[in-house]
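In this note's numbering, the protein residues as written are -16 to 303.
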């Protein structure tokens, strides 16, 4: 009996040693959100990877469900779990959007059922944080962190061009200022569930940033769609004495919105950045357009000054 026990022990010990000699090259990384960047996520068959967003996730779109799975549940509203479901090498994309309108784009790469002893990386956890700069530098942690500490890499970002949005540091700063206002001077709108307040209006060249707040004064919940900017005016018809109302939506470059669903008495804060035209006709006016999801044909139109005030704060007359 003793002889058999010794033989079994000799067989099992080498197996444990061999398993310990082939760890997976795992990584845990933290990134700043950049909607213009594509993040590479390295996966491996047999392992699951987690993506954590800084706020509640609204939707998850996966390119190929025959090669990967992406799971998201209300029980963990900030997480998405991704894994390959084929042993063959595969590639696809994944888009995650939050309830405030932020989104990230990922390129999923799986090397298939490879040997764990190879030095190819596997991303176990990817944590996104709110951006304060478009320079996105990732940290790196794994069971071989010391060996890789000098290899912290910069994620793929799009090249900066003249069409890039307001720097995220300034956008987030304006959003944070608006969120800290304790007692906004709310404006009521006849027949509407919501009240509004416009805070700072800033201009950088032809870019304008408008901060605002929305309050649900009613008992039923309210769902808000992303903000829009409208320029509207009256145009004289060629062969008639009457006039026609014309309006155009201006391009939104970026925005922040704390939430899209407001319960009774709840408040949302936001900042929107848009391209302002260089000039307009005297009959045209600029509006911030806030609409509820169940009545987008009846938006609240908040008058904005075409030339932002030097103080950054519009007067009551300018908002009406």
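All C-beta atoms in this analysis are idealised placements derived from N, C-alpha and C, irrespective of residue type, glycine included.
Close CB contacts of residue 173 within its chain, under the 7 Å cut and outside five residues either way in sequence, are absent.
Non-local beta-carbon contacts of residue 176 in its own chain, meaning distances under 8 Å to residues more than five positions away in sequence, involve 199, 200, 201, 203, 205 and 275 in chain order.
Assigned with DSSP and collapsed to three states, residue 159 falls in helix. Less than 8 Å divides the Cβ of residue 191 from the Cβ of residue 257. Pairing residue 111 with residue 43, the inter-Cα distance amounts to about 15 Å. Pairing residue 45 with residue 232, the inter-Cα distance amounts to about 30 Å. Looking from the CA of residue 64, the closest CA among 95, 86 and 32 belongs to 32. If you keep only unbroken beta strand (DSSP E) runs of at least 3 residues inside the region 63 to 90, you get 73 to 81. Within the same chain, 158, 253 and 254 come within 6 Å of residue 239 by CB-CB distance, once the 5 residues on both sides are set aside. Annotation: residue 259 to residue 267 spans about 13 Å, alpha carbon to alpha carbon. Selection 290, 210 and 251 evaluated against residue 282 yields 210 as nearest (Cα-Cα). Note on geometry: alpha-carbon atoms of residue 71 and residue 53 lie some 18 Å from one another. Scanning its chain for C-beta atoms nearer than 8 Å, with the 5 sequence neighbours on each side dropped, one finds around residue 60 the residues 39 and 40, in chain order. Burial check for residue 262: the Cβ neighbour count within 10 Å stays below 16, so the residue is exposed. Annotation note: the region 27 to 69 contains the following uninterrupted beta strand (DSSP E) runs of length 3 or greater, listed N- to C-terminal: 32 to 35, 40 to 45, 51 to 54 and 62 to 67. The beta carbons of residue 47 and residue 75 sit about 4 Å from each other, so the pair counts as a contact at 8 Å. Sequence-distant Cβ neighbours of residue 154 in its own chain, meaning closer than 7 Å and more than five residues away, are 192, 237, 239, 254 and 256.
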